[in-house]
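Residue 506 is where the sequence shown starts when you use this note's numbering, and the numbers rise one by one after that. We put the beta carbon where it would ideally sit given N, CA and C, even for glycine. Have a look at the structure below before the remarks.
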Amino acid sequence: MPPRPLSPHLSVYQFKYTLTTSILNRCTALALSVGLLLLVYWLMAVASGAHAQARAARWLSGPLMKPVYAALIMAFCYHLVAGIRHLVWDTGRGLERAQAQRSAWLVVALSIALTLLIGYCAWLAGARAP
């Protein structure tokens with residue numbers, strides 16, 4: 506069988522800001538779907554009784570889960586801000602190259618700021634916990 510040529514798009518495309526933000530938006534959606542499985546596990550444990558809830562609370566509050574929660578918060582913030590960007594695009598605004606590049610950087614900056622704000626609020630809430 507003769508070797509088939511590669512599609513030309515593999516050698517032509519470059520990772521520009523729009524391609525990168527689009528891929529990152531899809532990755533955050535996937536991460537949030539995995540996070541939803543954790544939420545369903547916790548809800549099932551709560552509904553199953555005190556023993557299952559205690560076991561789930563022990564597992565979900567372990568030190569290995571803190572980076573997972575931080576990543577989920579970051580994914581949520583990015584996906585939220587990128588979704589707002591897409592809603593603005595749906596109105597026909599911000600589609601020019603310079604505006605799209607500016608909005609890509611704005612999405613990154615706002616998602617970092619929102620992640621830090623939520624993390625700070627969570628840290629304050631954890632400091633007040635009994």
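- The beta-carbon distance between T523 and A580, rounded to whole angstroms, is 19 Å. This is too long to meet the 8 Å contact definition.
- In the structure shown, the three-state DSSP call for K521 is coil.
- Taking all protein chains shown into account, L577 has 16 or more neighbouring C-beta atoms within 10 Å of its C-beta and is therefore buried.
- Under the three-state reduction of DSSP output, T533 falls in the helix class.
- Straight through space, the alpha carbons of I528 and V517 are spaced by roughly 17 Å.
- For L621, the enclosing alpha helix (DSSP H) has its first and last residue at 602-633.
- Bounds of the alpha helix (DSSP H) holding G588 are 570-595.
- Burial check for R602: the Cβ neighbour count within 10 Å stays below 16, so the residue is exposed.
- Cα atoms of L541 and V612: separation of roughly 23 Å, rounded to the nearest angstrom.
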